[in-house]
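Residue numbers (numbering that gives the first Met the number 0): 0 to 79. Glycine included, every Cβ here is placed at the ideal spot set by N, Cα and C. It should be emphasised that the depicted structure is a prediction, and the values quoted were computed from it without experimental measurement. What follows is a set of notes on a single structure, which appears directly below.
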Amino acid sequence: MIVWILFALVFLFVLVYTRQLHWAIGVVKNSAIGAAGLLLFNFLFSGFGLVVGVNAVTVLVVGILGAPGFLLLYATQMLL
């Protein structure tokens, strides 16, 4: 009986850990792609005065929210 309980606990631990790891890897991947996108768009639209700073906060916004976060940053910059 104790073996099954230990097996279930280990299984749940691995399941939760891999999901968190998968989420963290996704955020890092989106952050890297988002930082490159921010730099590219800043280069392309700097002539129009539309520049979003590339810092830890903006990169994490894009990393967590993805493309909607990217658009949100530029829409906010256009309104301000």
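When C-alpha distances from V26 are compared across V60, G48, W3, the shortest belongs to V60. Linking L5 to I24 through their CA atoms gives a straight-line distance of about 28 Å.
Counting C-beta atoms within 10 angstroms of its own C-beta, L37 has 16 or more neighbours from the protein chains shown and is therefore classed as buried. With contacts defined as CB atoms closer than 8 Å, G62 and N41 fail to qualify as a contacting pair.
Each residue's CA atom was taken as its position, placing L79 and L11 some 47 Å apart.
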